[in-house]
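Just below is one structure, and these are the notes that go with it.
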Ligand SMILES: Cc1ncc(C[n+]2csc(CCOP(=O)(O)OP(=O)(O)O)c2C)c(N)n1
Ligand SMILES: Cc1ncc(C[n+]2csc(CCOP(=O)(O)OP(=O)(O)O)c2C)c(N)n1
Ligand SMILES: [Mg+2]
Ligand SMILES: [Mg+2]
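Here it is as structure tokens:
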């Protein structure tokens with residue numbers, strides 16, 4: 001049955017909450033309002049005020065409360081409305097949630113999920129359009145999932161809600177209306193990338209909304225260039241053998257992210273691919289990401305500040321065929 | 001004249017404050033106490049309470065106040081005692097200080113310096129031993145300097161205090177007692193790496209305290225392996241031609257950082273080196289960094305969790321000669 | 001006409017201009033000419049003019065995401081504002097900031113902020129600047145009731161009181177943070193007590209009555225100018241939804257109706273009573289804002305190249321566009 | 001002997017054990033057997049026992065970096081504590097956390113914290129857990145006067161009051177945050193007012209008198225058990241430097257002398273008056289802590305391999321040691 005990314009997320013929450021009484025939601029507008037992007041609509045009515053908790057606008061407090069709840073037997077899903085507010089909660093996330101198990105010698109786990117969303121596409125300007133997953137990926141102890149398909153919206157969230165350790169779960173504001181099916185099983189086990197398209201000439205690694213742009217580009221390039229598309233799905237854990245195998249087959253790798261390129265997940269993936277596939281590479285693993293600028297509000301500039309299917313396609317072709325796009329002539 | 005990293009920093013503050021009345025300091029214990037690591041000792045007496053401001057323990061407030069002061073004509077040096085508290089101030093740093101000029105169309109700059117220190121070496125455990133520069137490097141608009149020598153402690157801080165844009169200036173707790181000379185001129189212009197040692201077999205890129213370990217390793221390896229040591233000094237701006245030239249000469253690159261390896265500055269540098277030097281590379285650019293774990297308190301474990309001259313030397317030799325160290329046999 | 005009346009009429013005019021301006025912002029959105037839908041109208045909150053009327057040249061301020069009215073009251077050009085809200089190159093921020101990030105250093109506006117509470121501590125720094133410069137400038141942070149739950153507010157209030165800074169914290173309590181009514185976000189509804197507990201001069205005024213706000217603000221602003229940091233809550237009602245897409249299903253029509261009775265503009269009009277003058281003011285406001293609207297809509301979007309400007313100060317190298325990086329890498333080894 | 005006296009003596013015993021324990025921690029450092037010098041002694045703050053004596057099995061708590069005494073009062077094993085402080089494998093946290101990150105889930109200790117204020121909001125979550133489980137457990141956050149300047153405290157207090165949670169915030173005001181005396185960090189010195197303004201039950205007690213703390217805490221803890229979140233300030237004095245290396249040059253010997261007159265242990269002893277019993281208690285405490293010290297010093301440092309454990313839960317793959325990664329890369333292409 002066709003559904004949307006938004007509804008798949010809601011379904012995952014509902015199913016988890018039905019299965020496990022200890023799952024609670026807390027965050028700004030998750031209850032009465034139904035979530036800033038409508039993901040939690042109806043859940044307050046269904047599960048009541050003790051399990052769906054509208055909070056004041058206190059991001060550090062929300063994450064801190066979720067940590068304490070997780071330490072004492074609940075399995076909270078804390079929502080931070082925009083990943084852009086990560087700067088308010090990184091202490092609770094990185095110093096508290098992620099490190100508690102370790103600092104306390106394994107005694108105290110923090111099985112919580114931090115749901116949030118990021119990315120561009122709504123002219124929401126520099127403080128509401130970021131992709132900050134690189135900050136989280138740099139924190140040992142913190143799991144990190146970024147679904148790029150409807151089925152993963154469901155399955156990765158279910159998986160996240162079974163983890164014994166804190167998971168940062170980042171949705172994309174541009175995907176909520178994406179249509180698709182929820183598969184009966186996840187497309188890959190938790191921690192493993194999924195091959196979204198087979199190809200022989202080039203491997204493109206990506207995740208979240210960029211997956212959709214990459215797939216568009218890949219379709220447009222075929223059959224002259226056959227791209228293998230790898231959806232990373234989770235950035236921690238990230239068992240990257242699927243990716244490495246692919247690169248060893250194709251000899252070329254492009255990594256596409258929406259985040260500002262410098263210091264991004266694309267840089268991490270490029271470094272790993274080079275380390276592990278050096279002898280197989282025809283070309284350097286190449287990063288295609290957001291420009292190294294804050295996101296401007298003007299719609300045309302916003303769109304131009306991140307990759308799209310056209311730029312991805314041009315770059316992919318260039319990398320494989322050495323035909324430069326017109327603007328590079 | 002021989003001095004220390006700590007005294008060089010203090011000298012830079014004194015000279016800047018003498019030259020420019022608008023320079024003020026604010027932070028926890030910067031006044032009466034003289035700084036948690038003694039950097040600001042004596043400055044309260046010298047410059048008075050309006051220019052050396054002891055603050056409550058309010059990190060977001062401190063950075064926020066510095067931003068407002070910078071917007072209105074002062075040139076504040078805000079101190080955050082440990083970079084580990086970055087998680088409390090990333091919103092002010094990344095969403096406010098770094099983005100103001102851009103969001104406001106160039107009208108409002110934020111010429112402030114955030115002084116802080118990081119790294120291991122004092123058994124200070126997981127919340128007081130981190131190296132989080134990768135978070136800052138991922139923020140457009142934010143300058144980032146990390147001195148690894150006594151002379152740079154002075155000159156980079158002076159340079160930072162001349163920048164029109166916010167600078168995150170990260171010292172290393174293990175370097176405060178380092179002895180050296182303050183050169184009459186900076187070893188390189190702001191934004192450019194310095195070649196700390198010439199070599200032909202391998203380029204090692206590093207910064208901050210790891211520079212000292214790398215230099216030790218390089219000396220020990222010579223003359224059988226001649227390492228070129230590049231000190232990156234500033235991570236934003238980072239004009240990396242010096243590094244790329246070096247790698248093109250040596251054909252090999254090792255990047256050494258103290259931070260957790262995944263998602264680190266080492267990953268960024270490795271990605272860039274591969275993109276720009278691919279045809280010259282004999283081996284993949286290799287990262288050597290902190291283990292992907294929180295820093296444990298037990299002294300032996302803490303030391304084992306980050307690279308030292310021995311590991312750097314072994315890895316460098318391995319990369320150049322293909323002689324594996326004993327533990328890899 | 002008495003001087004008092006002149007002042008009342010002047011405040012009416014400012015409030016009317018705000019009201020009409022915000023109506024135009026709504027239209028800009030409906031015409032598809034705004035940059036996005038994150039537009040937060042300050043209709044119902046115009047009595048803030050009772051505070052801004054105490055501000056002077058040289059005073060500075062920061063606002064939250066619902067700050068159009070405050071900025072207008074401090075002298076903003078509505079055409080440049082609308083252009084910015086429309087993401088045009090001629091806007092206050094070259095089309096980079098939009099509604100939530102509008103500023104004018106010249107008018108003392110240090111920036112609107114899309115992070116709830118994000119701009120609050122900046123006034124502490126502005127207060128240090130004023131103190132160190134020996135000026136009598138005050139810096140005012142404007143924010144909503146939602147920001148009463150952000151920890152940074154308390155850090156800033158404590159610093160301002162501790163250092164006796166010329167700083168005012170102005171909470172425009174419109175009863176809602178998005179869909180959350182203030183009784184669902186505040187454990188206790190006495191906001192001035194949350195200021196006096198830190199040593200500030202804490203006050204509250206009825207936001208339906210601009211003259212009441214004016215009187216309460218007098219003491220708070222005077223105190224601040226003399227180094228006694230202050231706090232003023234303006235008790236108002238958010239007439240419309242949170243942002244342009246929000247129809248406020250979480251509150252009852254009855255409540256809305258009641259809230260809208262607390263209209264500072266209508267009350268000021270009634271109090272002044274001089275319909276001829278006020279009608280003329282209304283007409284002028286309409287004409288002014290229509291013109292601003294036309295100008296904004298006619299304005300061009302920003303140049304593509306401007307995207308890389310203003311990340312860093314002029315005279316320092318801009319960020320390298322990605323296409324140039326790709327050309328370096330892929331061009332070279334061709 | 002009266003029951004009241006029994007309780008008084010029991011509290012004396014706990015305070016004495018804390019005092020002696022902390023003295024041993026200082027010695028551990030001097031012997032070079034502690035993991036680092038970030039050791040914060042709670043000498044002078046023992047009257048916190050007046051609050052912990054109201055806690056029960058099932059109650060939970062978080063502490064700041066100066067929490068040894070609180071943990072001991074809640075039943076900690078001093079040998080395992082000293083082992084942890086010494087970075088030994090047999091410590092409470094396998095030698096990973098040390099003095100500032102000690103915890104015991106079994107005793108309800110959700111963790112000491114080296115981030116000022118960092119552990120405070122966790123009690124809100126513990127309060128939600130208790131409420132949802134229908135238990136009568138209370139969760140207590142212990143922190144210093146320095147944390148009164150951290151915004152997160154106000155966020156947590158507001159939530160606790162708003163949701164009527166069984167939560168207590170206990171500020172151990174030892175007059176200093178490092179070198180900053182509280183009058184240099186607080187704009188206004190009425191901390192309970194910063195709680196009542198948010199709707200909490202706010203109280204204050206003289207930390208020189210453990211029985212006074214006990215009485216004040218009764219009301220606060222009882223209230224919390226019935227869903228009225230509370231706040232208690234314990235007014236004490238930090239006898240020693242901030243951490244082991246700090247000689248407190250920023251305060252006068254006279255002030256220190258006066259502060260040390262406010263010794264809860266000495267005062268309790270005087271009040272009880274039964275020197276024979278108390279001497280025996282003192283001796284027992286010495287013997288207990290000497291033994292703990294011996295055990296801790298004899299304990300082995302953690303295994304190297306344990307470094308990679310506990311980053312993630314057992315049963316999930318641990319982080320890959322860097323040497324393995326290097327072997328993969330450099331081993332392969334040899
Ligand atoms: C730190 C942060 N949290 C959440 C949001 C999302 N958000 C934007 S406005 C808003 C409500 C703010 O309410 P209030 O402060 O009362 O201002 P109002 O909109 O009523 O003027 C929220 C939750 C945000 N922008 N920043
Ligand atoms: C967020 C944060 N800021 C600063 C520090 C450094 N620091 C550690 S303890 C301390 C003083 C804390 O004072 P207080 O809360 O009164 O506790 P006390 O040490 O007096 O028990 C400071 C500033 C820290 N650990 N965390
Ligand atoms: Mg509001
Ligand atoms: Mg204290």
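Protein chains in written order, with full-length UniProt numbering: chain X, 1 to 329; chain Y, 1 to 329; chain Z, 1 to 334; chain C, 1 to 334.
Glycine residues also receive a C-beta, built at the ideal position from the N, C-alpha and C atoms.
Distance CB(residue i)-CB(residue j) smaller than 8 Å
| i | j | result |
| --- | --- | --- |
| residue 14 of chain Z | residue 73 of chain Z | yes |
| residue 176 of chain C | residue 240 of chain C | no |
| residue 150 of chain C | residue 58 of chain Y | yes |
| residue 142 of chain Y | residue 234 of chain Y | no |
| residue 51 of chain X | residue 177 of chain X | no |
| residue 112 of chain X | residue 66 of chain X | yes |
| residue 216 of chain Z | residue 232 of chain Z | yes |
| residue 122 of chain C | residue 68 of chain X | yes |
| residue 103 of chain Y | residue 125 of chain X | yes |
| residue 156 of chain C | residue 61 of chain X | yes |
Which listed residue (the options) has its alpha carbon closest to that of residue i
| i | options | result |
| --- | --- | --- |
| residue 41 of chain C | C:168, C:174, C:119 | C:174 |
| residue 222 of chain C | C:168, C:58, C:143, C:77 | C:168 |
| residue 80 of chain Y | Y:74, Y:18, Y:168, Y:143 | Y:168 |
| residue 57 of chain C | C:255, C:183, C:137, C:203 | C:137 |
| residue 210 of chain Y | Y:310, Y:199, Y:148, Y:241 | Y:148 |
| residue 314 of chain C | X:138, X:146, X:106 | X:106 |
| residue 192 of chain X | X:70, X:17, X:124, X:242 | X:242 |
| residue 319 of chain Y | X:328, X:275, X:286, X:284 | X:275 |
Within chain C, partners of residue i - CB distance below 8 Å
| i | result |
| --- | --- |
| residue 85 of chain Y | 115 |
Counterpart residues of residue i in DSSP-defined beta bridges
| i | result |
| --- | --- |
| residue 205 of chain Z | Z:234 |
| residue 213 of chain X | Looking at the DSSP assignment, residue 213 of chain X forms no beta bridge with any residue, so it has no partner. |
| residue 92 of chain C | For residue 92 of chain C, which the question treats as bridged, DSSP gives no partner whatsoever. |
| residue 277 of chain X | Partner(s): none; residue 277 of chain X has no beta bridge. |
| residue 197 of chain Y | Y:229 |
| residue 154 of chain X | DSSP, once it has assigned bridges, lists no residue as partnering residue 154 of chain X. |
| residue 139 of chain Z | Z:60, Z:167 |
| residue 172 of chain X | X:118 |
Contacts of residue i in chain Y (Cβ-Cβ under 8 Å)
| i | result |
| --- | --- |
| residue 247 of chain C | Residues of chain Y passing the Cβ test: none, with the nearest at roughly 11 Å. |
| residue 138 of chain X | 132, 134, 135, 259, 260, 262, 263, 264 |
Chain C contact residues for residue i, given Cβ-Cβ distances below 7 Å
| i | result |
| --- | --- |
| residue 377 of chain Z | Absent from the structure is residue 377 of chain Z, since the part of chain Z shown begins at 1 and ends at 334. |
Residue i: contacting residues in chain Z (beta-carbon distance under 7 Å)
| i | result |
| --- | --- |
| residue 104 of chain Y | 93, 97, 101, 103, 111 |
Contacts that residue i makes with chain Y (C-beta to C-beta distance below 7 Å)
| i | result |
| --- | --- |
| residue 267 of chain X | 267, 268, 271 |
Ligand 6 heavy atom lying under 7 Å from the CB of residue i
| i | result |
| --- | --- |
| residue 6 of chain C | Among the ligands present in this structure, namely ligand 1, ligand 2, ligand 3 and ligand 4, ligand 6 is not found. |
Amino acids of chain X, ordered along the chain, whose beta-carbon sits closer than 8 Å to that of residue i
| i | result |
| --- | --- |
| residue 126 of chain C | 68, 69, 71, 72 |
| residue 179 of chain Y | Those within 8 Å of residue 179 of chain Y in chain X number zero; the least Cβ separation is about 32 Å. |
Entirely within the stretch 234 to 259 of chain X and at least 4 residues each: give me those alpha helix (DSSP H) ranges in chain order. 241 to 250
Identify every run of the beta strand (DSSP E) within the stretch 35 to 60 of chain Y, keeping only runs that are complete inside it and at least 3 residues long; order them along the chain. 52 to 54
Ranges of the beta strand (DSSP E) found wholly within the stretch 72 to 102 of chain Y, counting only runs of at least 3: 75 to 79
Enumerate, from N- to C-terminal direction, the unbroken beta strand (DSSP E) stretches of 3 or more residues contained entirely within the stretch 65 to 136 of chain Z. 109 to 112
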